[in-house]
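Number of protein chains: 2
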Amino acid sequence: MSYCFGIDIGGTTVKCGLFTTEGVLLEKWEIKTRTEENGKAILPDVAETILKKMEEKGIEKTEVTGVGVGVPGPVVKEREVQVAVNLHWGYTMLADDLEKLLDQIPVKVGNDANVAALGEMWKGGGEGTKNLIMATLGTGVGGGIIVDGKIVTGAHGAGGEIGHAFVEPEETESCNCGNKGCLEQLASATGIVRIGKKIMAENTAETKLHLDNFSAKTIFDAYKEGDSVAKQIVDKFAEYLGTALAVFTCVVDPEVIVIGGGVSKAGQPLIDAVAGYYKEHAFISCKDTPIVLAKLDNDAGIYGAAKLVVA
Amino acid sequence: MSYCFGIDIGGTTVKCGLFTTEGVLLEKWEIKTRTEENGKAILPDVAETILKKMEEKGIEKTEVTGVGVGVPGPVVKEREVQVAVNLHWGYTMLADDLEKLLDQIPVKVGNDANVAALGEMWKGGGEGTKNLIMATLGTGVGGGIIVDGKIVTGAHGAGGEIGHAFVEPEETESCNCGNKGCLEQLASATGIVRIGKKIMAENTAETKLHLDNFSAKTIFDAYKEGDSVAKQIVDKFAEYLGTALAVFTCVVDPEVIVIGGGVSKAGQPLIDAVAGYYKEHAFISCKDTPIVLAKLDNDAGIYGAAKLVVA
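Protein sequences, first through last, are from chains A and B. Counting in the UniProt record's numbering, the first sequence tops out at residue 311, every number present. Counting in the UniProt record's numbering, the second sequence tops out at residue 311, every number present.
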């Protein structure tokens with residue numbers, strides 16, 4: 001039997017998965033991310049938990065194809081991390097360091113949003129494809145581009161940074177990135193609330209929505225119940241996202257577009273709203289490209305990390 | 001010595017190049033494209049001119065690494081052409097057919113706009129890089145995306161169709177593709193004229209521009225002479241293109257952006273105008289990505305076609 005590990009290092013916890021190289025998740029668990037002292041304990045902790053799991057399961061080093069790791073920061077050559085603010089890391093030779101701690105079991109590294117896209121390609125909403133765009137709609141908008149089965153990292157680790165696509169010339173507030181009018185200011189969990197507040201301020205129609213309990217969830221719940229103001233809000237949100245996805249597909253023409261992240265819990269009604277605007281603006285050859293929900297939820301990261309080390 | 005051929009099949013002429021596999025163009029010539037009877041003579045003509053050149057130069061079949069071909073249509077698996085209207089072709093098993101005519105010299109095929117991008121990567125404005133976006137500003141706007149040295153063809157042969165990115169919600173006329181508001185309606189040779197006519201219609205300022213001699217060239221010529229109306233026109237054109245390029249780089253984060261096609265004859269002033277808007281809207285990691293002029297002019301196609309068959 002051939003095994004691999006998928007490790008998803010977040011700012012609070014490290015998610016760990018033991019997989020077969022066919023992509024069957026045999027076991028998953030978490031350890032705490034110890035960020036103190038510039039996060040110097042993180043990699044030793046990861047190595048320890050992997051070696052312990054191998055011992056527990058009686059897995060030999062020769063049976064392990066490799067360890068894939070997702071990190072919240074830009075990655076170079078599948079080996080080095082430029083910076084990972086949430087882990088308190090500067091430039092880190094992650095693969096070198098972890099391979100040393102793992103007695104030379106091969107390690108590969110990817111950016112967490114990109115790795116989640118790879119996971120969804122392998123065993124999630126994009127299973128069976130090799131070319132996809134993933135948009136992760138959370139507090140911000142993350143993304144991952146897969147071409148021919150491989151992550152498009154880009155020249156500066158900014159491949160798939162679709163949350164920072166410029167979409168709104170009239171935006172007056174700044175995005176975290178410093179620009180104005182980024183997709184993530186409008187098509188994220190916080191973005192839909194911003195759109196919603198603007199619409200509520202001008203609204204005179206009756207609505208179930210209240211500003212004291214106002215979130216992506218309450219907006220989509222009201223939308224599903226036919227609330228007309230919620231419909232205006234979701235429509236605007238969907239227009240931003242659907243139109244932007246149509247532009248992105250002119251670049252890489254994927255087989256499928258996968259939508260994940262907290263906002264995607266709104267489910268098929270969200271997809272349907274986005275797909276309408278997507279289809280209107282997509283290039284003719286791409287109008288029927290399916291837009292689907294992500295399937296792996298918080299496990300996308302460990303699946304994708306594991307896939308890094310599987311041919 | 002190892003040789004390869006680069007063949008660029010257009011609607012009027014077939015451009016042919018004999019190269020060393022290092023990318024030195026030894027000889028180039030053209031033959032007529034005979035499109036009559038569904039273009040059935042085109043491939044036999046191509047085979048004949050290649051075999052004749054090999055005989056003339058005393059090149060053995062074993063010395064030829066392969067023949068790369070660029071065609072004006074979507075390409076599948078580097079071997080088949082879905083349709084090529086200008087050649088009067090339906091679905092064509094190009095590589096199979098041409099390999100038969102060439103006694104099994106290996107053939108690879110690419111879309112002409114994509115292949116031009118590959119040529120510019122190999123020996124043109126993007127030489128030394130493996131990741132680029134090329135925008136070809138002609139009558140329309142063509143494009144090519146190269147990731148890790150390879151053309152991004154896409155799931156429907158629409159990779160790099162950046163001319164059909166949606167950029168103008170207020171556009172009232174239809175693009176050739178059927179949509180409204182495509183980049184190519186605004187950032188092409190015809191697009192800048194459309195922008196110009198609108199600005200001229202509302203203009204009261206003095207200008208060197210005359211509507212009876214109004215083209216991308218006359219607009220840029222006036223721009224270079226400091227004409228204030230030409231400046232308005234070029235600014236608007238540059239805003240569309242620079243902003244769109246900033247969005248595209250969020251997807252693939254290239255090492256370089258190459259601008260080619262007839263409009264690019266305007267030279268560095270065009271690049272400078274576009275770069276301003278690009279930098280304003282690009283994601284922070286990509287703000288310094290160089291925007292450069294294409295170098296190979298009409299030879300980009302034969303260079304890129306040849307590169308298809310060189311590792």
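Think of the CB as a built atom: it goes at the ideal place given N, C-alpha and C, for glycine as much as any other residue. The structure presented is a predicted model; accordingly, all values stated were derived computationally and were not measured.
Per-residue burial, residue i [other beta carbons within 10 Å of its own, 16 or more giving buried]
i: residue 230/B; result: buried
i: residue 311/A; result: exposed
i: residue 2/B; result: exposed
i: residue 209/A; result: buried
i: residue 84/A; result: buried
i: residue 24/B; result: exposed
i: residue 122/A; result: buried
i: residue 246/A; result: buried
i: residue 294/B; result: buried
Three-state class that DSSP yields for residue i in the structure shown
i: residue 213/B; result: helix
i: residue 13/A; result: strand
i: residue 293/B; result: strand
i: residue 134/A; result: strand
i: residue 127/A; result: coil
i: residue 235/A; result: helix
i: residue 84/A; result: strand
i: residue 175/B; result: coil
i: residue 103/A; result: coil
i: residue 288/A; result: coil
i: residue 153/A; result: coil
i: residue 8/B; result: strand
i: residue 18/A; result: strand
i: residue 91/A; result: coil
i: residue 265/A; result: helix
i: residue 77/A; result: coil
Under 8 angstroms from the C-beta of residue i: neighbouring residues of chain C
i: residue 254/A; result: Within the model displayed, chain C is absent; protein chains A and B are what it includes.
Enclosing alpha helix (DSSP H) for residue i [first to last residue]
i: residue 27/A; result: Counting along the chain, residue 27/A falls outside any alpha helix (DSSP H), though it belongs to the beta strand (DSSP E) covering 25-32.
i: residue 46/A; result: 42-57
i: residue 204/B; result: It is not in any alpha helix (DSSP H) - residue 204/B carries neither H nor E in the DSSP assignment.
i: residue 309/B; result: Where residue 309/B is concerned, there is no enclosing alpha helix (DSSP H), given that its DSSP letter is neither H nor E.
i: residue 274/B; result: 268-281
i: residue 39/A; result: 36-39
Beta-carbon separation (whole angstroms), residue i vs residue j, contact threshold 8 angstroms
i: residue 263/A; j: residue 216/A; result: 5 angstroms
i: residue 163/A; j: residue 152/A; result: Their Cβ separation, rounded to whole angstroms, is 15 angstroms, which puts residue 163/A and residue 152/A out of contact at 8 angstroms.
i: residue 233/B; j: residue 195/B; result: 6 angstroms
i: residue 118/A; j: residue 307/A; result: 5 angstroms
i: residue 273/B; j: residue 235/B; result: 7 angstroms
i: residue 255/B; j: residue 165/A; result: About 19 angstroms separates the two Cβ atoms, so there is no contact after all.
i: residue 237/B; j: residue 192/B; result: 5 angstroms
i: residue 242/B; j: residue 275/B; result: 7 angstroms
Unbroken beta strand (DSSP E) run spanning residue i, endpoints
i: residue 108/A; result: 107-111
i: residue 258/A; result: 256-260
i: residue 147/A; result: 141-147
i: residue 66/B; result: 64-71
Touching by the beta-carbon criterion (3+ pairs, under 8 angstroms), the stretch 7-16 of chain B and the stretch 138-145 of chain A:
no
Are three or more beta carbon pairs between the stretch 119-129 of chain A and the stretch 168-185 of chain A nearer than 8 angstroms?
no
Three Cβ pairs or more, each shorter than 8 angstroms: is that satisfied between the stretch 46-64 of chain B and the stretch 78-85 of chain B?
Short answer: they don't touch.
Flag this pair as touching only if the stretch 274-284 of chain A and the stretch 198-209 of chain A have three or more C-beta atom pairs under 8 angstroms; answer yes or no.
no
Is the stretch 42-52 of chain A touching the stretch 93-105 of chain A, taking contact as three or more C-beta pairs under 8 angstroms?
yes
Contact the stretch 65-77 of chain B vs the stretch 108-122 of chain B: 3+ CB pairs below 8 angstroms:
Yes: the two stretches touch, three or more of their Cβ pairs being nearer than 8 angstroms.
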